[in-house]
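In terms of UniProt numbering, the sequence shown is residues 1 to 892.
Just below is one structure, and these are the notes that go with it.
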Amino acid sequence: MTDVVVVESPAKAKTINKYLGEDFTVLASFGHVRDLPAKDGSVRPDEDFAMDWSSEDRGEKQVSAIAKAVKGAKRLFLATDPDREGEAISWHVQEMLRQKGALKGVEVHRITFNEITKRAVQYALEHPRDLDTPLIEAYLARRALDYLVGFTLSPVLWRKLPGSRSAGRVQSVALRLICEREAEIEAFKAREYWTVEGKFLTVNSAPFTARLTHLEGKKLDQFDLPDEASAMRARAAVEAGSFTVVNVEKKRVRRNPPPPFTTSTLQQESSRKLGFGAQQTMRLAQQLYEGVDMQGETVGLITYMRTDGVQMAREAMFAIRDHVKDAFGPDYVPAAPREYSSKAKNAQEAHEAVRPTDVRRTPEQVARFLSPEQRRLYELVWKRAVASQMQSAELDQTAVDIASGGTKLRATGSVIAFDGFLKLYREDVDDAVGDDEEGRTLPPMRQDDPSKLTAAQADQHFTQPPPRYSEASLVKKMEELGIGRPSTYASILQTLQDRDYVKLDKRRFMPEDRGRLVTTFLVSFFERYVDPHFTAGLEEQLDDISGGRADWRAVMRAFWDEFNAAVAATKDLTITEVIDALDEELGRHFFPTPADGGDPRACPNCHTGRLGLRLGRNGAFIGCSNYPECRYTRPLAVPGGEAEGEGGGLAGGHRELGVDPVSGQDVTLRRGPYGVYVQLGEGGTDAKGKPTKPRRTSLARGMDPETLTLERALALLSLPRVVGLHPESGDEITAAIGRFGPYVKMGSIFKSIDKDDDVLSIGINRAVSLLADAAARVRSLGPHPKDGEPVEVKKGRFGPFAQHAGFVASLPRDMTMEDITLDQAVALLAEKGKKLPPKGKKGAAKKAPAKKAAATDTEAAPKPKKVAAKKPAAAKKPAARKAAAKPAKVKA
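Below, the structure written as structure tokens:
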């Protein structure tokens with residue numbers, strides 16, 4: 001008789017099964033096994049927020065497998081993730097098993113572990129507990145809130161603001177932050193100011209630089225030198241002076257290391273240092289947490305990555321201290337372990353910080369078992385955790401004032417006296433050493449020493465607008481405001497992009513016009529529910545529920561009564577009222593004042609009408625007030641939009657660009673299911689009468705459909721283009737656009753080009769540079785002795801492999817790319833070579849993903865589920881998906 005353990009993922013199940021042996025059966029739930037059906041009535045406020053849960057075929061299949069394993073077992077251990085969602089999954093599994101009558105005579109226990117190691121799993125089994133009811137109730141409240149907001153507010157959007165997608169309790173607040181920042185940038189007016197610096201020599205002829213701080217005895221503020229004339233007068237005053245050192249300040253400051261990572265700080269630092277998005281960071285962290293294959297053993301490398309806590313287990317702290325002492329010496333170990341406290345209000349969700357499960361597994365030791373992205377993230381986590389237990393850094397900061405009468409300048413410098421934790425880890429220079437420039441040392445100076453001026457210069461500056469949010473800064477802002485939870489940020493930001501409300505441009509969020517329209521509508525008519533302070537207050541109530549300090553139904557009733565009344569108040573809202581509100585708020589954005597100072601709203605067609613915002617059944621557009629006499633319209637600037645009248649003027653699905661002078665065929669800009677593309681002609685028939693497709697090419701990322709010209713369209717259609725010949729090998733280098741975007745190619749070597757490069761104009765030097773990086777992943781061993789075809793060894797996603805004529809073979813673990821010889825590769829391919837599948841065949845049998853429910857907020861929603869192939873009708877519309885399964889009504 002074996003005990004049964006249920007975890008979330010099959011990878012985790014496989015690892016834990018090895019730890020526990022034959023006495024246990026470990027099964028995976030594959031995440032959530034049931035959810036609220038995506039249709040009205042799944043949450044019923046009139047019945048005290050009763051909920052209908054239903055499971056699809058996959059969930060039913062997994063729970064049936066668990067029920068079969070539990071039959072005859074003595075104990076069931078629910079070991080899903082140690083957070084609110086994990087607690088909810090365990091509850092769902094237990095409830096479904098109870099409905100099946102599978103738990104009679106079975107002891108049900110809840111266990112959690114913060115790391116997937118044998119020691120942690122065995123300890124958890126020895127210390128089981130019951131399901132955490134307050135945490136489950138907090139999940140129910142959050143899920144019900146998100147459902148009710150989505151399914152109540154989104155239909156209002158669809159009716160009153162055609163072309164919009166949906167609204168969500170947290171996502172709409174995040175969108176508002178992005179839109180309001182953009183409005184600040186548009187309203188910003190740059191202000192000019194000047195600074196003056198002097199270059200000096202000490203009595204020992206050592207150079208240093210100082211900045212003007214006082215003029216004519218008055219301290220200078222930022223804008224006291226507002227123009228060139230005043231700056232020139234100040235520079236002349238410096239040049240006329242005879243300067244002496246009047247003050248020397250020296251002080252030693254300590255910089256303490258930052259705490260180990262929480263979910264949000266990991267996302268922020270990963271974005272800033274590694275360029276990883278929040279979704280990518282969490283995906284990689286999940287892989288490191290669940291374990292990687294290391295010499296035949298699956299090893300979890302980091303602790304659980306969804307956490308608000310910064311504390312570490314004491315044994316982990318002491319292990320890190322021992323490692324620091326051995327690696328860097330006793331001077332780098334503080335007298336006592338560093339204890340960090342969490343600011344999270346909900347202690348039940350404040351788990352241990354993200355750290356390596358074993359500090360002895362250094363990034364260098366595990367690098368060969370990881371992908372490049374996994375290695376970089378693990379190194380970041382490892383260094384941050386180790387640095388958090390290291391000695392503080394000490395810096396000597398010096399400030400020297402030199403003066404001549406009422407003219408005074410200041411020179412500053414900072415030098416690291418003891419690097420401490422900076423030896424291993426630093427955020428950026430500003431975070432590490434404050435406002436002074438690290439490494440800028442000043443020469444020795446004493447009070448009353450003369451200083452000789454060698455040059456003076458005045459520099460012009462302009463104030464800068466607030467920066468657009470990056471993923472890191474938006475996550476930080478949301479955390480500061482207390483909206484959402486760190487574990488949900490990644491999905492929220494992705495949803496905003498998926499719905500075309502925002503786009504990432506140079507790793508900064510820019511609101512699309514669709515997003516600005518939605519935000520303006522919600523702020524105008526539902527201001528309270530997109531107010532960050534209101535949303536933060538609701539998060540505090542949810543924390544109170546999970547802490548057992550509030551009743552979840554009471555919280556729901558208080559919210560619903562007011563929210564439902566606010567929605568009802570918009571019942572008689574007219575489209576005219578909506579248009580007027582949007583037009584007034586967004587007028588400056590859609591109708592900027594032209595350079596000649598003319599009327600931005602004058603109709604260019606009839607010259608008497610006034611341009612304004614209009615709403616059609618497919619969305620918003622700009623139209624003339626003299627309609628129907630004047631039918632002038634133009635689209636909103638929503639590149640990639642879907643509705644008629646949106647997105648580069650693609651009304652009716654395409655736009656004429658001109659005629660190809662060679663073929664005489666029309667060149668058009670069109671939109672397909674995978675984005676915007678250019679097309680030559682309309683196709684035709686071949687010699688056998690079979691239809692042929694016209695030539696098409698997708699637009700490269702960064703290309704604006706609104707401004708695309710015929711010349712650039714023809715250049716796209718002519719791809720691939722020859723960039724030139726490699727200066728060393730003489731091989732031809734080409735540039736083209738493929739399935740995954742623009743790239744350059746030389747022989748069998750491909751390399752994607754950066755978003756700042758233009759596939760139509762990239763030059764030979766840049767292409768050679770890019771290919772040099774890609775070439776490091778390919779090593780030519782020479783011709784095959786039988787057919788003369790090249791034999792190569794390449795770096796792949798799962799390690800290095802040998803390749804010849806369509807056959808590949810993975811290299812043994814003890815063999816590197818640099819060590820393998822041609823003879824060894826030939827023998828390896830003959831013994832273990834596998835034929836590569838034809839291109840395009842690999843994913844042919846994959847099922848199409850089920851449609852997403854458009855009306856729900858993603859904060860607490862599970863991943864989209866796939867519809868079983870045997871029930872194709874269920875994929876026609878969101879409401880029909882759940883009908884394929886047997887709904888189990890549960891009054892929660």
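We treat Cβ as the ideally placed atom computed from N, Cα and C, and that holds for glycine.
These numbers were taken from a predicted model, which means no experiment stands behind them.
Where residue i falls: helix, strand or coil (DSSP)
i: glycine 679; result: First, the residue type needs correcting, since residue 679 is glutamine and not glycine in the sequence shown. It is a strand residue.
i: arginine 360; result: coil
i: threonine 707; result: helix
i: arginine 553; result: helix
i: glutamine 374; result: helix
i: glutamate 216; result: coil
i: histidine 461; result: strand
i: glutamate 471; result: helix
i: glycine 658; result: strand
i: asparagine 114; result: coil
i: glutamine 311; result: coil
i: isoleucine 753; result: coil
i: phenylalanine 243; result: strand
i: glycine 482; result: coil
i: threonine 734; result: strand
i: glutamine 497; result: helix
i: cysteine 179; result: helix
Expected contact under 8 Å - CB spacing of residue i and residue j to nearest Å
i: leucine 78; j: valine 93; result: 6 Å
i: alanine 700; j: glycine 741; result: 7 Å
i: glutamate 8; j: glycine 86; result: 7 Å
i: threonine 202; j: serine 451; result: 6 Å
i: residue 904; j: phenylalanine 525; result: Any property of residue 904 remains undetermined from this structure, which presents the chain solely from 1 to 892.
Length of the line joining the Cα atoms of residue i and residue j
i: glutamine 590; j: tyrosine 677; result: Checking the sequence shown, residue 590 turns out to be phenylalanine, not glutamine. For phenylalanine 590 and tyrosine 677, the distance between alpha carbons rounds to 26 Å.
i: phenylalanine 798; j: threonine 307; result: 29 Å
i: leucine 177; j: methionine 510; result: 11 Å
i: threonine 152; j: alanine 285; result: 35 Å
i: arginine 706; j: glutamate 479; result: The residue you asked about is not arginine; residue 706 is glutamate in the sequence shown. Approximately 37 Å between the Cα atoms of the pair.
i: glutamate 831; j: threonine 298; result: 27 Å
i: aspartate 704; j: arginine 712; result: 11 Å
i: alanine 775; j: leucine 781; result: 13 Å
i: glutamate 394; j: aspartate 331; result: 12 Å
i: valine 310; j: alanine 385; result: 10 Å
i: phenylalanine 421; j: phenylalanine 621; result: 56 Å
i: alanine 124; j: leucine 20; result: 12 Å
i: leucine 717; j: aspartate 666; result: 12 Å
i: lysine 847; j: proline 600; result: Only weak support is given to the placement of lysine 847: the predicted model assigns it a pLDDT of 41, under 50, and the value that follows is read from those uncertain coordinates. Going by the C-alpha atoms only, they are around 50 Å apart.
i: methionine 96; j: alanine 187; result: 55 Å
i: threonine 633; j: aspartate 513; result: 16 Å
i: serine 166; j: threonine 463; result: 37 Å
i: alanine 735; j: valine 381; result: 37 Å
i: serine 752; j: leucine 175; result: 31 Å
i: aspartate 48; j: serine 264; result: 35 Å
i: alanine 809; j: lysine 835; result: 9 Å
Other residues of its chain near residue i: CB distance less than 7 Å, five sequence neighbours each side excluded
i: alanine 141; result: Leu542, Ile545, Trp552, Val555, Met556
i: methionine 817; result: Arg779, Val793, Lys795, Pro800
i: glutamate 682; result: Pro694
i: leucine 135; result: Arg84, Glu87, Gln348, Ser546
i: serine 42; result: Leu36, Met51, Asp52, Tyr147
Residues of its chain near residue i, where Cβ-Cβ distance is below 6 Å and the 5 sequence neighbours each way are ignored
i: glutamate 415; result: It should be noted that the sequence gives valine, not glutamate, for residue 415. Asp396, Thr441, listed in sequence order.
i: serine 270; result: Phe276, Thr281
i: lysine 100; result: Ala67
Beta-carbon contacts of residue i that lie in its chain and below 8 Å, excluding the five residues immediately before and after
i: aspartate 3; result: Asp23, Phe24, Thr25, Ala73, Lys74, Arg75, Leu76, Phe77
i: lysine 383; result: Pro363, Leu424, Tyr425
i: leucine 453; result: Gly198, Lys199, Phe200, Val238, Glu239, Gly241, Phe243
i: proline 82; result: Thr112, Phe113, Asn114, Tyr304, His351
Any chain B beta carbon closer than 8 Å to residue i
i: glutamine 280; result: The structure shown contains no chain B; it is built from a single protein chain.
| Does the stretch 159 to 179 come close enough to the stretch 512 to 524 that 3 or more CB-CB pairs lie under 8 Å? | The stretch 512 to 524, when compared against the stretch 159 to 179, does touch it at the 8 Å Cβ threshold.
Taking contact to mean 3 or more Cβ pairs, one atom from each stretch, closer than 8 Å, check whether the stretch 542 to 551 and the stretch 197 to 212 are in contact. Too few Cβ pairs lie closer than 8 Å, so no.
With three or more C-beta pairs closer than 8 Å as the rule, is the stretch 268 to 288 touching the stretch 490 to 497? A contact between stretches requires three or more CB pairs, one per stretch, nearer than 8 Å, and the stretch 490 to 497 meets this requirement with the stretch 268 to 288.
Okay, do the stretch 320 to 338 and the stretch 288 to 303 touch, 3+ Cβ pairs below 8 Å being the bar? Short answer: they don't touch.
field: Cβ contact (3+ pairs, closer than 8 Å) linking the stretch 360 to 377 and the stretch 235 to 255
entry: Output reads no: the stretch 235 to 255 does not touch the stretch 360 to 377.
Is there contact here, the stretch 30 to 37 with the stretch 56 to 71, by at least three beta-carbon pairs under 8 Å? Counting Cβ pairs under 8 Å, three or more are found: they touch.
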